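Participant:
Protein chains: 2
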Amino acid sequence: MSSPLPPLAAIRVFDAAARHASFTKAAEELGMTQAAVSYQIKLLEERIGAPLFLRRPRQVSLTEVGQQMAPAVADALNLLRDAYATARGGAQGILTVSTLLTFASNWLAQHLGSFHLAHPTLAVRLDTSNHLVDFTREEVDVAIRSGGGEWPGMAVHKLFDADFTPMLSPGLAASIGGVHEPADLLRLPILDPGDPWWREWFSRAGQPVDWLAERPGSSMGAQAYEARAAMAGQGVAIVTRALFSAEIAEGRLIQPFDIVGNDGNAYWLVYPEGRRNVAKIRVFRDWLLAEVEASLGNTGPRAA
Amino acid sequence: MSSPLPPLAAIRVFDAAARHASFTKAAEELGMTQAAVSYQIKLLEERIGAPLFLRRPRQVSLTEVGQQMAPAVADALNLLRDAYATARGGAQGILTVSTLLTFASNWLAQHLGSFHLAHPTLAVRLDTSNHLVDFTREEVDVAIRSGGGEWPGMAVHKLFDADFTPMLSPGLAASIGGVHEPADLLRLPILDPGDPWWREWFSRAGQPVDWLAERPGSSMGAQAYEARAAMAGQGVAIVTRALFSAEIAEGRLIQPFDIVGNDGNAYWLVYPEGRRNVAKIRVFRDWLLAEVEASLGNTGPRAA
DNA sequence: ATGATGAATCAATCTACCTTATGCATGATA
DNA sequence: TATCATGCATAAGGTAGATTGATTCATCAT
Numbered sequence: 083m084s085s086p087l088p089p090l091a092a093i094r095v096f097d098a099a100a101r102h103a104s105f106t107k108a109a110e111e112l113g114m115t116q117a118a119v120s121y122q123i124k125l126l127e128e129r130i131g132a133p134l135f136l137r138r139p140r141q142v143s144l145t146e147v148g149q150q151m152a153p154a155v156a157d158a159l160n161l162l163r164d165a166y167a168t169a170r171g172g173a174q175g176i177l178t179v180s181t182l183l184t185f186a187s188n189w190l191a192q193h194l195g196s197f198h199l200a201h202p203t204l205a206v207r208l209d210t211s212n213h214l215v216d217f218t219r220e221e222v223d224v225a226i227r228s229g230g231g232e233w234p235g236m237a238v239h240k241l242f243d244a245d246f247t248p249m250l251s252p253g254l255a256a257s258i259g260g261v262h263e264p265a266d267l268l269r270l271p272i273l274d275p276g277d278p279w280w281r282e283w284f285s286r287a288g289q290p291v292d293w294l295a296e297r298p299g300s301s302m303g304a305q306a307y308e309a310r311a312a313m314a315g316q317g318v319a320i321v322t323r324a325l326f327s328a329e330i331a332e333g334r335l336i337q338p339f340d341i342v343g344n345d346g347n348a349y350w351l352v353y354p355e356g357r358r359n360v361a362k363i364r365v366f367r368d369w370l371l372a373e374v375e376a377s378l379g380n381t382g383p384r385a386a
Numbered sequence: 083m084s085s086p087l088p089p090l091a092a093i094r095v096f097d098a099a100a101r102h103a104s105f106t107k108a109a110e111e112l113g114m115t116q117a118a119v120s121y122q123i124k125l126l127e128e129r130i131g132a133p134l135f136l137r138r139p140r141q142v143s144l145t146e147v148g149q150q151m152a153p154a155v156a157d158a159l160n161l162l163r164d165a166y167a168t169a170r171g172g173a174q175g176i177l178t179v180s181t182l183l184t185f186a187s188n189w190l191a192q193h194l195g196s197f198h199l200a201h202p203t204l205a206v207r208l209d210t211s212n213h214l215v216d217f218t219r220e221e222v223d224v225a226i227r228s229g230g231g232e233w234p235g236m237a238v239h240k241l242f243d244a245d246f247t248p249m250l251s252p253g254l255a256a257s258i259g260g261v262h263e264p265a266d267l268l269r270l271p272i273l274d275p276g277d278p279w280w281r282e283w284f285s286r287a288g289q290p291v292d293w294l295a296e297r298p299g300s301s302m303g304a305q306a307y308e309a310r311a312a313m314a315g316q317g318v319a320i321v322t323r324a325l326f327s328a329e330i331a332e333g334r335l336i337q338p339f340d341i342v343g344n345d346g347n348a349y350w351l352v353y354p355e356g357r358r359n360v361a362k363i364r365v366f367r368d369w370l371l372a373e374v375e376a377s378l379g380n381t382g383p384r385a386a
C-alpha cells in the first residue's frame, strides 16, 4: 500500500537547493556548508536513481526529474511548516488550568478578568476538580494544588500559605458589641465546629477546645459555603485567609485576629518541569505570581 | 516569510505512531525500537511545546494538538511519497542514449526493435552526436563511445573492436570474377582512398601503399555513406566490420578477407560508475551486451 | 593571465539517533 | 490478591551518517 519515504533530511536540502538553483545559497539558508548540501543531494540522487541537478558552469539547474519533483516537495514541506506552526501556535491559544474548587471560586474567578485584559489572545479553560491531575494523561497545562510543595518532576511556585483564621460578617460582630478577643467568639454560633481547624486555632488563641466536637479532616472543599453563611451573618467560619482577601477588602467579611492556624499546607502553582519555558505557561505563571502578591499586599492582616 | 520546519525524522515517527495509536506498533512499522519512537515523540513534543499524545494505560491517544496535526502530516508525507515514487519511476520511463552517428544508424537502429519487445515500458531516446557527452551536465543515461576504453569515473563495457576491413557488393566482386586475394581489390574503384585505414589495411595485407593518397584522420563518421556506395556496387569501402554484420548476413555486402586493420579503438558502452545499479541502465546494459554478442556470433568472419 | 565563483571530493570529526537494558504503571488472569 | 503481560519512559553507550574544513577543478569575468 505505501511506498517508502525519501530520506527526509535530503529532501529538505533539495527543496532549498531547488529554490535557489544554487548549492551554496541553499547551504547558507540551511546554516550548513556547501559540502554538506552537495553530499545530501548526491545521496538523494542515488536513492532516486537519477540526477536531480545538471551541473552547469556557474549554477546548477534542475533536470526533468528534478523539475517534476520540486513543486511537490515544496508543497509537502509547506504543509508541514503550517502544521508545525499551528501546533506551536494552537498550543498557545488555550491554557487549561486544573484548579481546586475553593481556589477557583474564591480567587481565580475574581482575578481572571485582569489576565484576559493582559493577554486577550490566550483563552483560559478551567478544569475544576479536587483530584490530583496527572499531566501525562490529561490535557492540562498547569494546576493549582494544595499540599507540601513536593511533587517530583514538577516545577512548583508557592502562592500563599494555607493559613486559616475565623471570619465573620461586620454585622454579626456588631451584634455583640464587636469582637475584641478570641473568647468573644464563643458567644457566637460556630459554623462547622467539627472542623479540626477550629481545634487548632482556638488552642493557638489560648482558648479551651474540649467543647469542640472532634472529626477528622477539614471541610476544605466547603469553604465557599461556610464563607457565604458567615457573610450572611449566620455565624463564624474558619477559612483560608488568603482566599477571602477580596471579601475583606469589600467589607463583607472581617478577620478579627491576626492569629492564624496552619496545618503545613500551602497553595501551589504546579506544572511539568519540562514545560517551564512554554510561552503560555510562562505568561500565566508570571501573571499569577504577581497577582497573588498584589492581592495579599493590599489587604492588611487585620481588616476589622 | 517562512516558518521553520519541524524535525523531519520525528515527523515521520509521529505519523506512524498517530496511525497506530501505539508507539510499539509504530516502531515495528518503522523497523526500530519502541525506545526510539518514544524518544522522537518526546523530542517533537518539546519542540512544539505541547504534548501530542496522552499516555493512557494500555495505549496512547492523540491530544487535541496531535489530532489537529496528524492529518496534515499524513497528507504531507503522502505527497512526498508520491513525488519520490514518481521520481524513481519517472526516471525509469525514458532511457537516453548518447550514440555515435555510425553506431546509431548501422547497428542500434536495426536492433532496438528487439529491445522494445523485451522492455515495452522503457522508451529509448537516442541522442545522436559525435561530441563526448558530459554526464554531469547533460541529461543522458548511457553513451556509446569509441576509443581506448579509459574514462575515469565511468563504467565501461567493450562492445567490439573497431576492426576495419574492405567491403564490397557481391555484384561488384563478381564483375571481376570474384575477389580472391588482396591484390584483386586494386582492379576495383577504391572509395575514399585518402582514408588512413586503407594504408593500414593494405600494408597488413602485404600490398604496396605508396599509390594511396595520404590524409590525416579517418572518415569514421561517413562510414554509412561509403557503405551505401559500396552496396550500390560503386566501389570498395573500408569500414568497421562489426557495424555491418547485418548487411553481410543479408548478402548486400561481402567481406572478402579475414584480414582486419585496427587502430586501437573499440566501441564501448559507457555510463557513470555510480549509476551501475539503476534499473533501466542495468536492463539496457544486459540487453546490449547480449545482442552484440549474438550479432557478432551469427556472422562468421568470412561471409563471402 | 589572473582572480573570482561555485561545485566535487576527501579525510577527520562529531553528534544525533538508535539500541540495549531496565524500570514503572496498569490491566488482565488465575 | 498475587502474578503475569503489556506498553511507555528513561539511562547509558555505540555507531552510522552527517557535517566540516581544506583542497581541487572548471569556468567565467576582468
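These protein sequence lines map, in sequence, to chains A and B.
Residue numbering for the first sequence follows the working numbering, beginning at 83 and increasing consecutively.
Residue numbering for the second sequence follows the working numbering, beginning at 83 and increasing consecutively.
The beta-carbon is built from N, C-alpha and C at its ideal position, and this holds for glycine as well.
These numbers come from a predicted model, not from an experiment.
1. For a contact meaning CB atoms closer than 7 Å, what does residue 290(B) contact in chain A?
2. What residues in the region 131-160 of chain A have a beta carbon less than 7 Å from any beta carbon of chain B?
3. Would residue 92(B) be called buried (16 or more neighbouring beta carbons within 10 Å of its own) or exposed?
4. To which residues of the same chain is residue 391(B) closer than 7 Å at the C-beta, ignoring the five residues directly before and after it?
5. Could you tell me whether the Cβ of residue 209(A) comes closer than 9 Å to any Cβ of chain B?
6. What residue from 122(B), 130(B), 219(B), 224(B) has the CA that sits closest to residue 171(A)'s CA?
7. Give the DSSP-derived three-state secondary structure of residue 120(B) in the structure shown.
8. Using 9 Å as the limit for Cβ to Cβ distance, is residue 368(A) near chain B?
9. Counting contacts by CB-CB distance shorter than 9 Å, is residue 236(A) in contact with chain B?
10. Please list the segments of the beta strand (DSSP E) lying wholly inside the region 117-181 of chain B, counting only runs of 3 or more residues, in order along the chain.
11. Using Cβ-Cβ distances below 7 Å, what residues of the region 327-356 of chain B are close to chain A?
12. With a threshold of 16 other CB atoms inside 10 Å of the CB of residue 86(A), please say whether the residue is buried or exposed.
13. Residue 269(A) touches chain B at which residues, Cβ-Cβ below 7 Å?
14. DSSP puts residue 348(A) in a beta bridge; with which residues?
15. Of all the options 330(B), 335(B), 306(B), which has the alpha carbon lying nearest to the alpha carbon of residue 313(B)?
16. Can you tell which of 179(A), 260(A), 245(A), 252(A) has its C-alpha closest to the C-alpha of residue 305(A)?
17. Quick check: the Cα distance between residue 192(A) and residue 101(A), rounded to an integer number of angstroms?
18. What is the DSSP secondary structure of residue 313(B), reduced to helix, strand or coil?
19. Buried or exposed: where does residue 329(B) fall if 16 or more other Cβ atoms within 10 Å of its Cβ makes it buried?
20. With distances taken between CB atoms, is the gap from residue 322(B) to residue 184(B) smaller than 9 Å?
21. Would you say residue 85(A) lies against chain B (beta-carbon separation less than 9 Å)?
22. Given residue 145(A), which residues of its chain have a CB within under 8 Å of its CB, disregarding the five upstream and five downstream residues?
23. If the criterion is Cβ atoms closer than 9 Å, does the pair residue 163(B) and residue 88(A) meet it?
24. Going along the region 104-129 of chain A in order, which residues come within less than 7 Å of chain B, judged by CB to CB distance?
25. Chain B beta carbons: is any one of them nearer than 9 Å to that of residue 174(A)?
26. Measuring straight from C-alpha to C-alpha, what distance separates residue 116(A) and residue 106(A)?
27. What residues in its chain sit with their C-beta under 6 Å from that of residue 383(A), if we drop five residues either side in the sequence?
28. How long is the line joining the alpha carbons of residue 251(B) and residue 182(B), rounded to whole angstroms?
29. From the beta carbon of residue 203(A), is the nearest beta carbon of chain B less than 9 Å away?
30. Where does residue 363(A) land, buried or exposed, given buried means 16+ other C-beta within 10 angstroms?
Facilitator: In short, the structure shows the following:
1. Simply none; closest approach about 52 Å.
2. Flagged, chain order: 131, 132, 136, 137, 138, 145, 146, 147, 150, 151, 154, 155, 157, 158, 159.
3. Buried.
4. Absent from the model: residue 391(B). The displayed extent of chain B is 83 to 386, so no value can be given.
5. no
6. 130(B)
7. helix
8. Residue 368(A) is outside the set of residues whose beta carbon lies under 9 Å from a beta carbon in chain B.
9. no
10. 135-138, 141-144, 176-181
11. 356
12. exposed
13. Think of a sphere of 7 Å around the beta carbon of residue 269(A): no beta carbon from chain B falls inside it, the nearest being about 55 Å out.
14. 229(A), 243(A)
15. 335(B)
16. 245(A)
17. 54 Å
18. helix
19. buried
20. yes
21. Among the residues facing chain B, residue 85(A) is included, as its CB has a counterpart in that chain under 9 Å away.
22. 132, 133, 134, 135, 136
23. yes
24. Here the close residues are 128.
25. yes
26. 5 Å
27. Here the model assigns residue 383(A) a pLDDT of 41, short of 50, so the residue's position is not dependable, and the following value carries that caveat. Counting only Cβ-Cβ distances below 6 Å, and skipping sequence neighbours, we find 340.
28. 25 Å
29. no
30. buried
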